[in-house]
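Asker: Chains as they are written, first to last, in this note's numbering: chain A, 1 to 194; chain B, 1 to 194. No residue lacks a Cβ here, since even glycine has one placed at the ideal position from N, Cα and C. Since the model is a prediction, treat every value here as computed from it, not as a measurement. Below: one structure in structure tokens.
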DNA sequence: GTCTATATTCGGATAGAC
DNA sequence: GTCTATCCGAATATAGAC
């Protein structure tokens, strides 16, 4: 009888470690050899669980996005009003800034290198997934996807700018500004397109 | 006496073409051979004008940033009030969205792959260059670097999100929202830290 | 370990200014 | 005709996917 392992659980464990590696070095610079060594398996094992290097990456994207959003929602849910929910969302971003930036970087990095439609589709769905999560915290029942997109923009931009220019106004300052903008406008902005 | 060419002018011409190439394929995927072929020169000539592939890239960064900002300032200068200046700035971004996104993508892509301090420094200066240009259009005399950073954030985020998720609310919608946020708040927001 | 692909080098060829 | 910046592309050394 063959050795039996929980295939799915082990797969996720590998994906978690793979994210750490990718995050540290970027997609292109992670060699399959180095990855196998870091994950404590052989290259053969790696290719047993994943068809290709790209498949590993896309697996990482799905895994991390699920984890992030679940964590954020958990942290936001307890709040009472929209303002407080918003504050908690920003707090989450502050706490996980490094992680989120790494993830964003990784996705952008990969997106630049791959033309594969299925890969792009997974990335698009992931972005929409984050945007939708934000929308649900922002408006509750309003269909204001654009405002969610704008907040996501500000967050993405803050992560990028801080990474590219360490002397930019610190992330916290910028997020505080975002918060002020959104909170001050709470209610004063009607729905987007109306 | 040797053959004479306008070294600096030819260098810039090469940089312009190199940007097109990098933008289309990303930093890593452009080989020196392919680049030489595309620019109509030999690899030897390439290395005559630039020390290394990285040097070509950093030259491209400076060249494009200078061109972009000069163009944007020219387009904004004629405006009368701050609101109108702001509108023109956003119009510039709308018009050049593809180009700006390619550039941003390129810088992020490179930044992810290189640990070289001098390269990072050039990138940081470039980001600060854009931010400073925005700041001068925003406040005139207020020292509100954080607000400029926030606007740059929103623009960066908009470019990124649209690229990653084609079904995100279109760039124009998002920029319109940014405009509304900033214009509505004109004057109602005191200086950042005060 | 193998095999492919890449950045960079180098010795020589060329072309125009004087 | 001479001189040298400019240009060339085969050769080299190295690295990564598998």
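Consider the Cβ of residue 108 of chain B: report whether some Cβ of chain A lies at a distance smaller than 8 angstroms.
Answerer: In the second chain, counting from the first residue as 1, residue 108 of chain B sits at position 108. So, interface residue.
Asker: How would you list, in chain order, the residues of chain A whose beta-carbon sits under 7 angstroms from the beta-carbon of residue 31 of chain B?
Answerer: On the second chain, residue 31 of chain B is found 31 positions in, with the first residue counted as 1. Within 7 angstroms Cβ-Cβ: nothing; residue 31 of chain B doesn't reach chain A, min ~14 angstroms.
Asker: If you reduce the DSSP assignment to three classes, tell me which class residue 130 of chain B lands in.
Answerer: One-based indexing of the second chain puts residue 130 of chain B at position 130. Helix at residue 130 of chain B.
Asker: Can you list, in chain order, the residues of its chain whose CB lies under 7 angstroms from that of residue 73 of chain B, leaving out five sequence neighbours each side?
Answerer: The count along the second chain starts at 1 and reaches residue 73 of chain B at position 73. Excluding sequence neighbours, residue 73 of chain B sits near 133.
Asker: When we look at the beta-carbon of residue 5 of chain B and count the other beta-carbons within 10 Å, is it buried (16 or more) or exposed?
Answerer: In the second chain, counting from the first residue as 1, residue 5 of chain B sits at position 5. Exposed: under 16 other Cβ atoms inside 10 Å.
Asker: By the criterion of Cβ-Cβ separation under 7 angstroms, what are the contact partners of residue 26 of chain A in chain B?
Answerer: By one-based count along the first chain, residue 26 of chain A stands at place 26. Residues of chain B passing the Cβ test: 112, 113.
Asker: Could you tell me the boundaries of the alpha helix (DSSP H) in which residue 7 of chain A lies?
Answerer: Residue mapping note: residue 7 of chain A aligns to position 7 of the first chain, counting from 1. That run of the alpha helix (DSSP H) goes 7–25.
Asker: DSSP state of residue 79 of chain A, grouped into three classes?
Answerer: Sequence index remark: in the first chain, residue 79 of chain A carries index 79 (1-based). In this structure, residue 79 of chain A counts as coil in the three-state DSSP scheme.
Asker: Specify whether the region 32–46 of chain A and the region 95–106 of chain A touch according to this definition: at least 3 beta carbon pairs, one from each stretch, less than 8 angstroms apart.
Answerer: These segments do not touch.
Asker: For chain B, is any of its Cβ atoms less than 8 angstroms away from the one on residue 98 of chain A?
Answerer: On the first chain, residue 98 of chain A is found 98 positions in, with the first residue counted as 1. It does not: the Cβ of residue 98 of chain A has no partner Cβ on chain B nearer than 8 angstroms.
Asker: Residue 150 of chain B and residue 137 of chain A - do their beta-carbons sit closer together than 8 angstroms?
Answerer: Stepping through the first chain from its first residue, residue 137 of chain A is reached at position 137. Stepping through the second chain from its first residue, residue 150 of chain B is reached at position 150. With contacts defined by Cβ atoms closer than 8 angstroms, residue 137 of chain A and residue 150 of chain B do not form a contacting pair.
Asker: By the three-class DSSP mapping on this structure, what secondary structure does residue 147 of chain B have?
Answerer: The residue labelled residue 147 of chain B in the question sits at position 147 within the second chain. Note: residue 147 of chain B maps to helix in three-state DSSP.
Asker: What residues in the region 46–68 of chain B bring their beta carbon closer than 7 angstroms to a beta carbon of chain A?
Answerer: none
Asker: Just to confirm, is the Cβ distance from residue 21 of chain A to residue 107 of chain B under 8 angstroms?
Answerer: Against the first chain, residue 21 of chain A aligns to sequence position 21. Against the second chain, residue 107 of chain B aligns to sequence position 107. No, these two residues do not count as a Cβ contact at 8 angstroms.
Asker: Is there a Cβ from chain A that is less than 8 angstroms from the Cβ of residue 105 of chain B?
Answerer: For this step, residue 105 of chain B is matched to residue 105 along the second chain. Answer yes: the Cβ-Cβ gap between residue 105 of chain B and chain A drops below 8 angstroms somewhere.
Asker: Could you pull out every residue in the same chain whose Cβ sits closer than 6 angstroms to the Cβ of residue 46 of chain A, ignoring the five residues on either side in sequence?
Answerer: Within the first chain, the letter at position 46 stands for residue 46 of chain A. Cβ neighbours of residue 46 of chain A beyond the five flanking positions: 36.
Asker: Whose Cβ in chain B lies nearer than 7 angstroms to the Cβ of residue 165 of chain A?
Answerer: Here residue 165 of chain A refers to the residue found at position 165 of the first chain. Simply 124, 127, 128.
Asker: Report the residues of the region 130–159 of chain A with a CB closer than 8 angstroms to any CB of chain B, ordered along the chain.
Answerer: 131, 145, 146, 147, 149, 150, 152, 153, 154, 155, 156, 157, 158
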